[in-house]
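One structure below.
2 protein chains.
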Amino acid sequence: METILAQSVGSLNRPIISGLVKDIIHVPARVDLRERALHPGHMALLLDGFVSRHIDDHLGQRQVVALQIPGDFIDLCAPPPRQHEHDIATISTTRLALIDSHGLWEALGAHPDLTRKLWSIGLMEAAIHRQWIFRQGRLSARARLAHFLCEMNIRLLKIGQSNGHSFRLPLTQSDLSEICGLSSVHINRVLKDLREMSLCLFRFGRVDITDPIKLANLAQFDPHYLDPPHCLPFPSPHAKEF
Amino acid sequence: METILAQSVGSLNRPIISGLVKDIIHVPARVDLRERALHPGHMALLLDGFVSRHIDDHLGQRQVVALQIPGDFIDLCAPPPRQHEHDIATISTTRLALIDSHGLWEALGAHPDLTRKLWSIGLMEAAIHRQWIFRQGRLSARARLAHFLCEMNIRLLKIGQSNGHSFRLPLTQSDLSEICGLSSVHINRVLKDLREMSLCLFRFGRVDITDPIKLANLAQFDPHYLDPPHCLPFPSPHAKEF
DNA sequence: CGCCCTGTTGACTTACGTCAAAACTAGTGG
DNA sequence: CCACTAGTTTTGACGTAAGTCAACAGGGCG
Chain A
8 METILAQSVG SLNRPIISGL VKDIIHVPAR VDLRERALHP GHMALLLDGF
58 VSRHIDDHLG QRQVVALQIP GDFIDLCAPP PRQHEHDIAT ISTTRLALID
108 SHGLWEALGA HPDLTRKLWS IGLMEAAIHR QWIFRQGRLS ARARLAHFLC
158 EMNIRLLKIG QSNGHSFRLP LTQSDLSEIC GLSSVHINRV LKDLREMSLC
208 LFRFGRVDIT DPIKLANLAQ FDPHYLDPPH CLPFPSPHAK EF
Chain B
8 METILAQSVG SLNRPIISGL VKDIIHVPAR VDLRERALHP GHMALLLDGF
58 VSRHIDDHLG QRQVVALQIP GDFIDLCAPP PRQHEHDIAT ISTTRLALID
108 SHGLWEALGA HPDLTRKLWS IGLMEAAIHR QWIFRQGRLS ARARLAHFLC
158 EMNIRLLKIG QSNGHSFRLP LTQSDLSEIC GLSSVHINRV LKDLREMSLC
208 LFRFGRVDIT DPIKLANLAQ FDPHYLDPPH CLPFPSPHAK EF
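Now the structure itself:
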């Protein structure tokens with residue numbers, strides 16, 4: 008846990024969060040986290056596995072609005088009384104560190120570094136959301152799927168779970184359809200296309216990107232929205248390095 | 008400006024931000040704000056008018072990823088060295104309060120209220136992003152447009168620029184198409200549909216919602232994602248009321 | 001006046017959805 | 001080891017929502 012924490016909030020802030028972890032829990036796949044683990048006012052750090060945040064339409068059709076991978080915070084400081092506007096569920100089996108969010112808020116006052124870091128995590132999350140809006144709005148089915156796979160490749164690369172062209176992605180084709188806003192039948196056909204174009208291969212919960220450059224090109228994917236701000240939001244007198 | 012500021016950050020925090028305003032500028036419609044007004048490391052409060060945040064595809068087709076209305080912050084604490092991953096432009100003529108973001112960051116340390124408030128503004132922005140993803144992914148053209156109009160109605164209502172069924176919305180049909188991820192021709196047809204269904208009327212930059220309930224129903228629109236957290240994220244010893 | 005931008009409409013195309021059947025996989029229990 | 005089931009994946013046939021192209025109309029403005 009410590010290494011993943013250091014990756015998420017920086018080695019400086021690691022011990023602070025570490026001290027706020029109340030429990031580490033294991034959750035099976037396909038479990039609603041709102042009901043089971045994440046009570047209002049709590050938050051969690053995803054240590055292992057995949058978690059989806061989604062909104063269902065009135066026929067129960069699901070739209071995934073975010074996919075969380077290890078190292079992501081879930082419901083970072085979401086205010087308790089606020090009715091949640093989306094659902095959260097595990098996709099694979101997961102390991103979660105439950106964090107005392109009240110304690111975290113107290114800690115923020117004393118640690119401007121941590122505030123800045125969590126703030127910028129929120130900013131990146133919003134940037135990812137915006138790319139997803141772009142994807143759904145302007146890209147063809149092929150490009151959409153390709154764009155998503157490119158994003159996962161980079162995000163997993165950053166946490167050491169991809170080597171740049173091959174990674175585990177424990178999703179069904181139906182999951183992919185709920186992510187990309189397409190029918191699962193069409194996802195199947197698009198996957199076939201990408202395979203036959205020798206761009207990438209998806210099977211058994213694993214992705215092999217045959218031609219990363221062509222795939223990114225098809226997807227109009229520009230990874231810089233995933234770059235962490237190498238210099239932090241605002242210089243602060245309290246912390247020079249980071 | 009003061010009243011709109013109080014609405015955005017609360018009357019308690021109003022004077023703090025007020026003191027950080029470096030300039031108030033007027034910008035004509037259809038101007039790229041990245042080039043003209045918002046230099047890296049600056050941020051702004053939109054006082055008047057409409058601003059779009061958008062991403063262009065490689066053919067120059069535009070996808071609007073957020074629409075800012077008076078009272079919204081633009082580029083809230085976006086870190087200067089980070090390459091921006093989307094563009095910003097005025098839609099109508101606007102009035103902007105330019106804010107010293109370095110000074111703001113300094114102020115955060117001393118004002119936990121303000122931190123909490125700005126944090127929750129960021130959360131709401133992300134919640135709106137998620138609804139947009141849902142909209143593009145799961146709704147038909149009709150529902151998408153209806154959903155957007157419902158959202159604008161509520162958001163403008165909250166700042167006193169809608170009476171609940173009628174408001175100014177200075178967008179062209181082409182703007183609407185870039186927001187909803189549809190062609191402008193199709194937007195035209197959908198507007199006609201909504202008009203003929205007696206749900207709402209859009210012309211001359213003005214929206215009249217004839218039947219708010221039916222419209223919201225068609226859009227599967229549930230406004231609670233726009234609710235401000237009535238109790239704040241986390242109780243803080245420094246500020247009881249808010 | 002003529003130009004440009006926006007809106008409107010019609011004819012035609014296409015990308016994607018829907019429905020349905022079959023193949024394949026994995027888990028369960030006899 | 002073999003049914004038996006349930007969840008995926010794959011394919012085909014067909015329907016439809018939305019895109020594209022193109023023409024025209026109206027308003028604002030030099």
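Residue numbers (our numbering), protein chains in the order written: chain A, 8 to 249; chain B, 8 to 249.
Heads up, the beta-carbon is just placed ideally off N, CA and C, and yes, glycines get one too.
A quick note: this is a predicted structure, and the numbers were derived from the prediction, not measured.
TODO: Could you name the residues of the same chain whose beta carbon sits closer than 6 Å to that of A:I98, not counting the 5 residues immediately before and after it, in chain order?
DONE: Excluding the 5 residues flanking it on each side, A:I98 has same chain C-beta neighbours closer than 6 Å at F57, S59, in chain order.
TODO: For the segment 143-159 of chain A and the segment 173-192 of chain A, state whether three or more C-beta atom pairs, one from each stretch, are separated by less than 8 Å.
DONE: yes
Task: Local Cβ density within 10 Å of A:I73, reported as buried at 16 or more and exposed below that - done: Correcting the residue type first, residue 73 of chain A is Ala in the shown sequence and not Ile. With 16 or more Cβ atoms within 10 Å of its Cβ, A:A73 is classed as buried.
Open item on the list: Using the Cβ count rule (16 or more neighbours within 10 Å means buried), how would you classify A:A104?
Closed with: buried
Task: Cα-Cα separation between A:R102 and A:L225, rounded to whole angstroms - done: 35 Å
Open item on the list: By the DSSP assignment, the alpha helix (DSSP H) with B:H154 in it spans what residues?
Closed with: Segment 148-165, the alpha helix (DSSP H) holding B:H154.
- [ ] Spell out whether any CB of chain B is found under 7 Å from the CB atom of A:Q68.
- [x] yes
- [ ] Have a look at A:Q180 and B:R69 and give me their C-alpha separation to the nearest angstrom.
- [x] Looking at the two C-alpha atoms, the distance is approximately 29 Å.
Open item on the list: Let's see if you can read the secondary structure: which residues bound the alpha helix (DSSP H) around A:M131?
Closed with: 119-145
TODO: Using the DSSP secondary-structure output, state which residues sit across from B:M7 in a beta bridge.
DONE: Because chain B spans 8 through 249 in this model, residue 7 of chain B falls outside it and cannot be assessed.
Open item on the list: With a threshold of 7 Å between beta carbons, is B:F141 in contact with chain A?
Closed with: For B:F141, the closest Cβ of chain A is nearer than 7 Å.
Task: Buried versus exposed call for B:D307 [16 or more other C-beta atoms within 10 Å across all chains shown] - done: With chain B running from 8 to 249 in the structure shown, residue 307 of chain B is simply not present.
- [ ] Taking all protein chains shown into account, decide if A:L111 is buried (16 or more other Cβ within 10 angstroms of its Cβ) or exposed.
- [x] buried
Task: A:A246 in three-state terms, based on DSSP - done: Residue placement at A:A246 is flagged as unreliable, the pLDDT there being 40, under the threshold of 50; the coordinate-derived value follows with that caveat. Of the three classes helix, strand and coil, the one that applies to A:A246 here is strand, per DSSP.
Open item on the list: If you reduce the DSSP assignment to three classes, tell me which class B:L239 lands in.
Closed with: For B:L239, the pLDDT reaches just 48, beneath the cut-off of 50, and the residue's location in the model is therefore unreliable, although a value from the coordinates is still provided. Residue state, collapsed to three classes: coil.
Open item on the list: Buried or exposed, going by whether 16 or more other CB atoms sit within 10 Å of the CB of A:S108?
Closed with: buried
Open item on the list: Please list, in chain order, the chain A residues whose beta carbon lies closer than 9 Å to that of B:Q6.
Closed with: Residue 6 of chain B cannot be examined here, being either before or after the span of chain B that is shown, 8 to 249.
Task: A:I166 and A:P77 closer than 7 Å at C-beta - done: Yes.
Task: Cβ-based neighbour list, A:D55, same chain, cut-off 7 Å, excluding 5 preceding and 5 following - done: P77, T101, R102
TODO: Return the CA-CA distance between A:E248 and B:I81, expressed in angstroms with no decimal places.
DONE: In this prediction, A:E248 scores a pLDDT of 37, lower than 50, which makes its location untrustworthy; the coordinate-derived value is nonetheless stated afterwards. Going by the C-alpha atoms only, they are around 27 Å apart.
Task: Alpha carbon of B:A96 to alpha carbon of A:H91, nearest angstrom - done: 31 Å
Open item on the list: Which residues of the segment 163-175 of chain A have a Cβ closer than 8 Å to any Cβ of chain B? Give them in chain order.
Closed with: none
TODO: Using a Cβ-Cβ cut-off of 7 Å, state whether A:P230 counts as contacting chain B.
DONE: Not one chain B Cβ lies under 7 Å of A:P230.
Open item on the list: Using 8 Å as the cut-off, can you tell me whether the segment 11-25 of chain B makes contact with the segment 114-131 of chain B, which would need three or more C-beta pairs spanning the two stretches below that distance?
Closed with: yes
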